[in-house]
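Peer 1: Numbering (my numbering), first residue to last: 577 to 686.
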Amino acid sequence: MIAHLNLDDRLSILRVGDPSRSWNSLDDQRVCVLCGRKFKGRQVDIRRLPGGKFKVCCPTLGCLSTPLQWRYATLPVAANPGKKHWRRVLPNKQQRRLPEPTLRMQPYRI
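#1: For the alpha helix (DSSP H) containing ARG586, list its first residue and its last residue.
#2: Taking the straight line between their C-alpha atoms, what separation do you get for PRO635 and ASP621?
#3: On the criterion of 16 or more Cβ atoms from any shown chain inside 10 Å, does GLY658 qualify as buried, or is it exposed?
#4: Can you give me the Cβ contacts of THR650 inside the same chain, cut-off strictly under 7 Å, excluding the 5 residues immediately before and after it?
#5: Mapping DSSP to helix, strand and coil, what is LEU666?
#6: Using 7 Å as the threshold, is the C-beta distance between TRP599 and LEU610 below it?
#7: How about LEU581 and LEU602: are their beta carbons less than 7 Å apart?
#8: When burial is assigned at 16 or more other CB atoms within 10 Å of the CB, is SER617 buried or exposed?
#9: Just reading off the beta strand (DSSP E) that LYS614 is part of, what are its end residues?
#10: Just reading off the beta strand (DSSP E) that LYS631 is part of, what are its end residues?
#11: Taking the C-alpha atoms as reference points, what is the distance between GLN605 and PHE615?
#12: Just the Cα atoms here: how many angstroms apart are PRO692 and THR642?
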C-alpha cells in the first residue's frame, strides 16, 4: 500500500530508509542505477508495511530498486560510461591473439 504522508514525515522516512546518503530536502535528486531515471525525494514511492514500517522504492513503474541502487544525481551513473570503457579495453574477436605455437619435439636417439 502506498502511503500518503505529509512532507515532513516523507523526508524523515527518506532519511531513515537511505542511511548511506543524506537527504537535505525533498528536492534532492537521485538517479536509479537499474532504470536510469532521475527523480526527486517528492517522487519516491513510500510503501507502508505491516507493523508500522515503511519501504522506500524507485518511482519508476516496474523498477524494484531500493536506496542501495540509487546514486547522487550530480555523479555520473556507472552503467553508461562503463560500457564505453569496456568496449575500448576488450579486444574484438578479430584482434584476439592466437595461442603461441608449442615447441616441437624432435626425435631423440639414444
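We put the beta carbon where it would ideally sit given N, CA and C, even for glycine.
Peer 2: The structure says:
#1: 583–593
#2: 5 Å
#3: With a pLDDT of only 48 at GLY658, under the threshold of 50, the placement of this residue in the model should not be trusted, and no figure is reported.
#4: Nothing meets the Cβ criterion.
#5: Confidence at LEU666 is low in this model, with a pLDDT of 49, below 50, so its placement is unreliable and the value that follows should be read with caution. LEU666 falls in the coil class under three-state DSSP.
#6: no
#7: no
#8: A small fix is needed here, since residue 617 is Gly in this sequence, not Ser. Counting Cβ neighbours within 10 Å, GLY617 comes out buried, since at least 16 surround it.
#9: 614–616
#10: 630–633
#11: So the alpha carbons of these two residues sit roughly 5 Å apart.
#12: Only positions 577 to 686 of the chain appear in this structure, which leaves residue 692 out of reach.
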